[in-house]
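Remarks on the structure that follows.
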Amino acid sequence: MKIKKIILAVAALCAAVSLHAETIVAGPKGGRLLAAEPLKAEFFVTPDRKVEITFYDAALKPTDPGAQTVAVIAEPAGGRTKLEMEKTATGFVSKTALPAGEPYRIVVQARANADAKPKNFRVDLDLANCGGCDKAEYACVCDSH
Ligand SMILES: [Zn+2]
231 MKIKKIILAV
241 AALCAAVSLH
251 AETIVAGPKG
261 GRLLAAEPLK
271 AEFFVTPDRK
281 VEITFYDAAL
291 KPTDPGAQTV
301 AVIAEPAGGR
311 TKLEMEKTAT
321 GFVSKTALPA
331 GEPYRIVVQA
341 RANADAKPKN
351 FRVDLDLANC
361 GGCDKAEYAC
371 VCDSH
């Protein structure tokens, strides 16, 4: 009953994939698209290690976020650091570079407006390049992990 075993293995694999906390969606800049509301936001690390958040309309065109805001908290072993964010035409960029010591967790808190309840997105910061999809590991879209 080899075939039955394979089917069971595939079924188990599918279940494991669907249990994965969140599917990573690639953003237009090569970062990670976060399902913020009402506008989606891309988390991207610039070459000088600053966090850049870009908001997109339904057609994935960069757009002014209006009242939408984000807070970015880095959680390296050395302690949590909230990055100061500066407004740009289509989002926010951090005033300082990310602390050293990755991989570590980053939490992006997105709010529809200043009074709204935050929606948290967790990004495991790993800036190494993935050979599979040629994106940084934090934005990797490969199925294997
Ligand atoms: Zn990959």
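Residue numbers (our numbering): 231 to 375.
Don't be surprised by glycine CBs; every beta carbon is placed ideally from N, CA and C.
Proximal residues to residue i (C-beta, below 8 Å), its chain only, five neighbours per side dropped
{"i": "Pro-329", "result": "Ala-304, Pro-306, Gly-308, Thr-311"}
{"i": "Ala-271", "result": "Leu-263, Leu-264, Ile-283, Thr-284, Phe-285, Tyr-286, Pro-295, Gln-298, Val-300, Gly-321, Val-338, Ala-340"}
Outcome for residue i when other beta-carbon atoms lying within 10 angstroms are tallied against a minimum of 16
{"i": "Cys-372", "result": "exposed"}
{"i": "Arg-262", "result": "buried"}
{"i": "Ala-346", "result": "exposed"}
Beta-carbon contacts of residue i that lie in its chain and below 7 Å, excluding the five residues immediately before and after
{"i": "Thr-326", "result": "Leu-313, Glu-314"}
{"i": "Lys-365", "result": "Ala-256, Gly-260, Val-371"}
{"i": "Lys-280", "result": "Val-323, Ser-324, Ala-327"}
{"i": "Arg-354", "result": "In the sequence on display, residue 354 carries Asp and not Arg. The answer, listed in chain order, is Pro-333, Arg-335, Tyr-368."}
Beta-carbon proximity check, residue i vs residue j, cutoff 7 Å
{"i": "Gly-321", "j": "Thr-276", "result": "no"}
6 Å CB neighbourhood of residue i in its chain, flanking five on each side removed
{"i": "Glu-316", "result": "Val-323, Lys-325"}
{"i": "Asn-350", "result": "Val-337, Gln-339"}
Supposed close pair residue i, residue j - CB separation, criterion 8 Å
{"i": "Met-290", "j": "Pro-268", "result": "Residue identity differs from the one stated: residue 290 is Leu in this sequence, not Met. Not a contact, Cβ separation roughly 14 Å."}
Any residue with its Cβ nearer than 5 Å to a heavy atom of ligand 1 should be included. What is that list in chain order?
Answer in sequence order: Cys-360, Gly-362, Cys-363, Cys-370, Cys-372.
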